[in-house]
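Report on one structure; see the data block that follows.
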């Protein structure tokens with residue numbers, strides 16, 4: 066019979082049959098380019114399925130079949146042979162069961178220990194009342210005045226920052242909101258984002274994740290934490306806090322970290338994570354567009370740009386560092402990571418007018434034009450796969466991460 070009828074009669078897929086043929090478990094006649102299956106094939110398939118059901122691997126089954134086919138054993142020899150095989154398999158499986166039982170016991174112990182841990186907030190992060198002097202009105206540049214504030218341990222948790230010109234900036238759950246982001250609040254965002262991170266890791270190519278991790282490690286090692294005392298750090302595009310969480314416990318208690326992102330859900334998640342930490346650092350969450358940060362000029366000592374500029378560049382032609390430079394001090398340390406394309410395909414997702422922001426030479430020129438001195442730099446290996454969350458490049462495009470440590 067032909068392969069289609071054989072698979073239907075035996076309730077098995079064509080791919081499985083072809084694989085069994087390749088291994089030599091089933092040996093059909095081949096005539097005119099097509100396989101012809103007989104009763105012996107059916108018998109071998111049934112034995113294969115039976116042995117698989119008893120825990121034998123396909124290679125072990127193949128070895129059994131080879132001996133049976135060429136050994137020409139007597140009935141007594143065959144019975145003794147099979148008896149030895151089954152006894153050895155039983156011993157092997159019993160040993161595995163004991164090992165699995167030990168694994169299960171250790172897992173149950175760990176689960177019990179984890180169940181005893183209560184993940185509760187150890188403190189609340191708001192807008193440090195002493196940091197209010199750092200903000201200024203986007204419209205007129207004047208200082209802002211706190212109105213209707215709810216303050217807990219010197220942290221403004223709710224309230225409004227008002228300007229005499231009529232501008233008003235809202236503080237909600239300890240996060241300063243600017244513009245339309247106020248309408249994006251989602252109370253379930255923390256749990257959803259937590260699940261998204263797990264899905265992100267599971268859905269993203271391992272080499273892509275390796276590049277993220279190696280980038281974080283490189284940037285972490287470049288930070289001189291002893292030089293951050295009383296400094297103001299600005300991170301543009303903090304997201305769910307991959308970078309901030311990697312350095313959080315090492316931050317000096319007297320430095321101020323301003324995390325800026327336009328996504329309120331990400332801020333809520335990251336804030337919730339940090340509030341469960343044993344370390345209470347000075348962090349301000351600013352939810353706004355990068356061009357609408359209500360910060361005074363010449364304020365920031367250290368700039369962190371972990372692909373924040375690159376993410377901005379997907380939709381904007383201007384290089385972001387040029388647009389926010391007024392908030393940065395002339396004497397500044399910058400640690401940054403940028404996405405670079407080795408080439409763009411004809412059907413690239415990156416529109417032509419913004420491509421310069423993903424070309425290494427152009428990125429370096431922008432950095433140098435802002436009077437930075439590049440102290441150290443590194444380019445990751447190029448990769449061609451991302452995942453469902455990192456689908457901004459095509460399969461025939463290769464990207465790298467350019468990481469730079471610079472000062473001016």
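Residue numbers (my numbering): 66 to 473. Here a beta-carbon is modelled for each residue, glycine too, at the ideal position from N, C-alpha and C.
Q) By a C-beta neighbour count over all protein chains shown, 10 Å radius and 16 as the cutoff for buried, is residue 336 buried or exposed? A) Counting the other CB atoms within 10 Å of its CB gives residue 336 a total of 16 or more, which places it among the buried residues.
**Q.** Supposed contact pair residue 283 and residue 455 - C-beta distance, whole angstroms, cut 8 Å
**A.** At roughly 19 Å, the Cβ-Cβ gap does not stay under 8 Å, so residue 455 and residue 283 are not in contact.
Q) Buried or exposed: where does residue 338 fall if 16 or more other Cβ atoms within 10 Å of its Cβ makes it buried? A) Classification of residue 338: buried, given that the 10 Å Cβ count is 16 or more.
Q. For residue 141, is the classification buried or exposed, using 16 other Cβ atoms within 10 angstroms of its Cβ as the cut-off for buried?
A. Taking all protein chains shown into account, residue 141 has fewer than 16 neighbouring C-beta atoms within 10 Å of its C-beta and is therefore exposed.
Q: Check whether the Cβ atoms of residue 297 and residue 323 sit closer than 8 Å, and answer yes or no.
A: Against a cut-off of 8 Å, the Cβ pair of residue 323 and residue 297 comes out as a contact.
Q. Contact between the region 370 to 380 and the region 201 to 221: three or more CB pairs below 8 Å?
A. No, because fewer than three Cβ pairs between the region 370 to 380 and the region 201 to 221 fall closer than 8 Å, the two stretches do not touch.
Q | Cutoff 6 Å; reference residue 301; Cβ partners in own chain excluding five residues on either side | A | In its chain, beyond the 5 residues on either side, 325, 355, 370 and 373 have a beta carbon closer than 6 Å to the beta carbon of residue 301.
Q | Chain-order list of residues whose beta-carbon lies under 8 Å from that of residue 388 (same chain, five-residue window excluded) | A | Spatial neighbours of residue 388 in its own chain (CB-CB distance under 8 Å, excluding positions within 5 residues in sequence) are listed in chain order as 355 and 356.
Q. Are the region 386 to 403 and the region 421 to 433 touching by the rule of at least three beta carbon pairs closer than 8 Å?
A. Cβ pair count under 8 Å is three or more, so yes.
Q.
Please state the DSSP three-state secondary structure of residue 119.
A. If DSSP states are grouped into helix, strand and coil, residue 119 belongs with coil.
Q. Which term fits residue 113, buried or exposed, when burial requires 16 or more other beta carbons within 10 angstroms of its beta carbon?
A. Buried.
Q: Could you tell me if residue 402 is buried or exposed, where buried requires 16 or more neighbouring beta carbons within 10 angstroms of its beta carbon?
A: Around the beta-carbon of residue 402, 16 or more other beta-carbon atoms lie within 10 Å, marking it buried.
Q) Span of the beta strand (DSSP E) holding residue 352? A) Looking at the DSSP string, the run of the beta strand (DSSP E) that includes residue 352 is 347 to 352.
Q | For residue 177 and residue 239, the rounded distance between their alpha carbons | A | Those two C-alpha atoms are separated by around 34 Å.
**Q.** As assigned by DSSP and simplified to three states, the class of residue 470
**A.** Residue 470: strand per DSSP, three-state reduction.
Q: Quick one: residues in its chain with C-beta nearer than 6 Å to the C-beta of residue 294, no 5 flanking neighbours on either side, listed in chain order?
A: The answer, listed in chain order, is 317 and 319.
Q.
So residue 365 and residue 397 are supposed to be a Cβ contact under 8 Å. How far apart are they, rounded?
A. Contact holds; Cβ gap of about 7 Å.
Q.
Could you pull the DSSP bridge partners for residue 438 from this structure?
A. As DSSP reads the structure, residue 438 sits in a beta bridge with 472.
Q) Opposite residue 300 in the DSSP bridges: which residues? A) 324 and 369.
Q | Whole-number beta carbon distance between residue 464 and residue 416, since they are thought to touch under 8 Å | A | Contact between residue 416 and residue 464 fails: their C-beta atoms lie close to 16 Å from each other, not under 8 Å.
Q: Would you give the residue range spanned by the alpha helix (DSSP H) that residue 142 belongs to?
A: Bounds of the alpha helix (DSSP H) holding residue 142 are 140 to 180.
Q) Do you know offhand how far residue 315's Cα is from residue 168's? A) The straight-line gap separating the alpha-carbon atoms of residue 315 and residue 168 is approximately 35 Å.
(Q) Please identify the residue among 363, 313, 331 and 368 whose C-alpha is closest to the C-alpha of residue 343. (A) That would be 313, whose Cα lies nearest to the Cα of residue 343.
Q: Would you mind listing the alpha helix (DSSP H) stretches within the region 392 to 461 that are 4+ residues and don't spill past its ends, in chain order?
A: Counting only runs of 4 or more, we get 425 to 434.
Q. Should residue 102 go down as buried or exposed, given a rule of 16 or more other Cβ atoms within 10 Å for buried?
A. Looking at its Cβ environment, which holds 16 or more other Cβ atoms inside 10 Å, residue 102 is buried.
Q.
Buried or exposed for residue 395, going by 16 or more other Cβ atoms inside 10 Å?
A. It counts as exposed.
Q | Identity of the residue in 444, 134, 441 and 359 nearest residue 196 by Cα | A | When only C-alpha atoms are compared, the closest one is 359.
Q: Just tell me which of 451, 461 and 439 has its CA closest to the CA of residue 412.
A: It is 461 whose Cα lies nearest to the Cα of residue 412.
Q. What is the residue span of the beta strand (DSSP E) that residue 225 lies within?
A. DSSP places residue 225 inside the beta strand (DSSP E), whose first and last residues are 220 to 227.
Q: Identify every residue that forms a DSSP beta bridge with residue 242.
A: Note: residue 242 sits in a beta bridge opposite 235 and 352.
Q: Check whether the Cβ atoms of residue 98 and residue 154 lie closer than 8 Å to each other.
A: In this structure, residue 98 sits away from residue 154, with a CB-CB distance that is not shorter than 8 Å.
Q | Selection from 424, 340, 382 and 447 that minimises the alpha carbon distance to residue 184 | A | When each option's Cα is compared against that of residue 184, the closest is 340.
Q | Buried or exposed (CB count within 10 angstroms, at least 16 for buried), residue 331 | A | Buried, by the Cβ-count rule.
Q. Assuming residue 137 and residue 90 make a contact with CB atoms under 8 Å, what is their CB distance in whole Å?
A. Not really, about 19 Å apart at Cβ, beyond 8 Å.
Q | Nearest-angstrom Cβ-Cβ length linking residue 79 and residue 68, presumed shorter than 8 Å | A | Right, their Cβ atoms sit about 6 Å apart.
Q: Quick one: residues in its chain with C-beta nearer than 7 Å to the C-beta of residue 205, no 5 flanking neighbours on either side, listed in chain order?
A: Excluding sequence positions up to five before and after residue 205, its CB lies within less than 7 Å of the CB of 228 and 230, all in the same chain and listed in chain order.
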